[in-house]
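Numbering-wise (this note's numbering), the sequence shown opens with residue 189 and increments by one. All residues carry an ideal CB built from backbone N, CA and C; glycine is no exception. It should be emphasised that the depicted structure is a prediction, and the values quoted were computed from it without experimental measurement. The next block holds one structure in the form of structure tokens; read it before the comments.
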Amino acid sequence: MPKNESPKSASPHGEFLVVRGAREHNLQNIDVSIPRDALTVITGLSGSGKSSLAFDTIYAEGQRRYVESLSAYARQFLGLMEKPDVDAIEGLSPAISIEQKTAGRNPRSTVGTVTEVYDYLRLLWARVGTPHCPECGKPVRRQSATQIVDGILGWEEGTRIEVLAPLVRGRKGEFRELFEEVRKKGFVRARVDGEIVDLQDTPKLARRQNHDISVVVDRLVVRAEDRQRLADSIETALRAAEGVVEVTVHRGEVREEHLFSEHYACVSCAVNIPELEPRQFSFNSPYGACAGCGGLGIRKEPNPELVLGDSSVSILEGVVLPWGVPRGHLRTTILDGLAAAMEFELNTPWGKLPELVQRVLLYGSEAGGKEVPKKLKWAGILKDVQQRFRDTTSDTVRNQLDEYMSTLPCTVCGGSRLRPESLAVTVHGHSMGAVVDLSVDAALRFFESASTDRTLSADIAGPILKEVTERLSFLINVGLEYLTLGRSAETLSGGEAQRIRLATQIGSRLVGVLYILDEPSIGLHQRDNKRLLTTLEQLRDLGNTVIVVEHDEETIRAADHILDLGPRAGRHGGIVVAEGQLDDVLMSQDSLTGAYLRGEREIPIPAARRAPQPGHELVISGAREHNLQNVTASIPLGTFVTVTGVSGSGKSTLINDILWKSLARRFYRAKMVPGVHERITGMDRIDKVVDIDQSPIGRTPRSNPATYTGLFTIIRELFAEMPESKMRGYGPGRFSFNVKGGRCEACQGDGLVKIEMHFLPDVYVPCEVCKAKRYNRETLEVFYKG
């Protein structure tokens, strides 16, 4: 589109979003007009007021108006937003902000759940999935009543059993009508939440709790001559429970429960699978979550490298850190028995013990195989620590043991989060766990192939596959094809989380919305920038107004409208130095952005670079984590090193997952487990490592740049050294606005006082006592250089 023409997507009525008198933060009472249904870029150097205009003024006012349009009842739960410092905003649409923020710290959120792709996958597997036996892997088939009877008669003769019809499983309610109905049908007993109750008196159940209800059909003993009675009871239970029967076996005090179904069962393994439902494929539901990790895919387990201390220390000297120096029963009985059985000395340094002995001590007698005496029964050091961690009721002990634990993939589900029965269901030959482990682009190819599978019902699978492929395509269009659907949302960078939300918004296909984005091109390779721009244009062409805070040159050049703020940062910024289309910015002599776009100014490239010293380097060998293909990389020390590549090429895996975690474990005994690699050499040449990531530093009204950087401590110490302070006996604590003594108690050191306005937004006014200075009069009487 030629830039000297009107924006292609601008409203035919020439409508604008008009902001008058914006003074939020450093904005200098500016007026701007932003074309609706167009792509507008707000640019300028850092601190010039871009975010103050886009987010703190336009978006904040949009949100405030929406909240105030709700009822008074709803507003008391949402909280009221303060009105931005602006005279007027006209033409404001419903606003959605997509900022550079991480996707939250919920360990149960994944790329699949955030994008809602996982919800469609659960539906797809439940409706067209093929169940298999989780033990033998064979496809399961439905069982008839005759097959169920034959299976029960194959049990030991004389076994006492109960035949029950399960009517309710894990549902809330009182179920009075259900009890009345089954009583009318002639049933006299039921098992409610594990207890047998008489139906003559209707059981009283808690309405808001989950309950399990099964009607007792018959009680009998397994005998061949009672085949007809058993068959009648099984058929009665199947009719009552719609194809499901529960048989309880009583062996003394032990009760075994067997669930049979007319729907799915493995005859050879005697494994029964209930009717497939979406909740069985949800790791947030007890019906689908792995029992080992509760659906998290990870669990805390003792880490041998954290459990063991210096290898030159013996067991008696305390090499096993959770034990310390062994005493009592552990020393005199358990360890002496182990030493005698495995023929080793307890005072031998750990590093000099045979490998077999180390393995048995750590992992238990079963880890030694046939080389371990059969009489030796030892669970292992790691299991001992795990059991103590799990069983202790003391927070102190748990915190102490937590120092020896690491977060590792669940050994039960392999990190897939689901139960074995759920993972045994396949669609197009793949389980749910296998598909969520695919990258987005690989998953798209899989579902495109599945759409041609004639074994899948087109009427059922077709609409679901259409929704899934559309959402995956949106993720690819914003440059996220390398992510896996099962990746935890808390591991995403701010830019990745933002682009996921962007893809989700495109999928919603809303019209007439104001979208405000914060630098969506951050962390994106230039190869993927074009796809991002296409996505933004697609969002605009749906009939939305898109405002982007951005520094990227390609995005600026692609915009329909540009606002350039400046001329400098802070109090010297907040002014519109250029506005209009690209040509208007290029012609502006006041615009620093225009100077760079014209080529008059450029980022200088160093003529000479620091040469690395031979041998002074970190060498990562054999890196194979995620998509790294046995990579060996050399990082020269004492130089400025950049790791680059297209999105998903393995940059973060190499540096964050392998190098950083390895160094953090070496220097700080961190509990992180590094990615798969052979070795890292050269670590002896450094003595410290600092990781600076994109995590926000937190928001508190008592925190400011001086307190966060530690500068405020120096300032307080400086004022404490003043003659007036020494004469009055003031220490550094006197000059803190967080503790009593020097702060103003009227506002408790905040400088502002909140006035509650009930159904109007709360108002913050300067403290009348300290005049917003935070300190009391006596503290303010101490001066430094006047």
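Three-state class that DSSP yields for residue 828 in the structure shown: coil
When 589, 866, 862, 850 are compared against residue 874, the one with the closest alpha-carbon: 850
C-alpha distance - residue 536 paired with residue 688, whole-angstrom precision: 56 Å
Three-state secondary structure assigned by DSSP to residue 460: strand
Where the beta strand (DSSP E) through residue 860 begins and ends: Unbroken run through residue 860: none, as it is neither H nor E.
DSSP bridge partner residues for residue 477 (one or two, in chain order): 606
Alpha carbon of residue 371 to alpha carbon of residue 317, nearest angstrom: 37 Å
Bridge partners - residue 319, DSSP secondary structure assignment: 613
The segment 718-735 in contact with the segment 659-666 per 3-pair CB rule at 8 Å: yes
Segment limits, beta strand (DSSP E) that includes residue 809: 805-811
Where residue 403 falls, given that 16 or more other Cβ within 10 Å makes a residue buried: buried
Close beta carbons around residue 649, own chain, < 6 Å, minus the five adjacent residues each side: 316
Beta-bridge partners of residue 333, as assigned by DSSP: Answer is none; residue 333 lacks a bridge partner.
Outcome for residue 971 when other beta-carbon atoms lying within 10 angstroms are tallied against a minimum of 16: exposed
Those runs of the beta strand (DSSP E) which lie wholly inside the segment 215-271 and span at least 3 residues: 218-223, 227-232
Beta-bridge pairing of residue 706 - partner residues as DSSP gives them: 737
Residues that residue 594 bridges to, as DSSP identifies them: 489
Residue range of the alpha helix (DSSP H) that includes residue 634: 628-638
For residue 654, the three-state DSSP class (helix, strand or coil): helix
Best match in 328, 704, 294, 215 for proximity to residue 237 [C-alpha to C-alpha]: 215
Boundaries (first-last residue) of the beta strand (DSSP E) holding residue 449: 442-449
As assigned by DSSP and simplified to three states, the class of residue 755: coil
Through-space distance from residue 890 to residue 932, alpha-carbon basis: 13 Å
Straight-line Cα distance separating residue 677 from residue 556: 40 Å
Contact the segment 805-823 vs the segment 788-797: 3+ CB pairs below 8 Å: no
Cβ neighbour criterion (16 or more within 10 Å) applied to residue 604: buried
Closest by C-alpha distance to residue 510, when choosing among 619, 636, 452, 573: 573
For residue 364, the nearest candidate out of 392, 340, 342, 623 (CA to CA): 392
Distance between residue 747 and residue 733 (C-alpha atoms, nearest Å): 12 Å
Residue 198 versus residue 669 - alpha carbon distance: Here residue 198 scores only 41 on pLDDT, less than 50, and its place in the model is too uncertain to base an answer on.
Spatial distance of residue 195 from residue 226 (CA atoms): Confidence at residue 195 is low in this model, with a pLDDT of 42, below 50, so its placement is unreliable and the value that follows should be read with caution. Cα to Cα, the separation comes out at about 7 Å.
Close-in-space but distant-in-sequence residues of the same chain around residue 727 (CB under 8 Å, 5 per side omitted): 690, 693, 694, 703, 734
Proximity to residue 277 [Cα-Cα], best of 374, 286, 252, 258: 252
Three-state secondary structure assigned by DSSP to residue 972: coil
Whole-Å CB distance - residue 540 paired with residue 553, under 8 Å assumed: Going by Cβ atoms, the distance from residue 540 to residue 553 rounds to 21 Å, so no, they are not a contact pair.
Separation of residue 547 from residue 596, as counted between CA atoms: 19 Å
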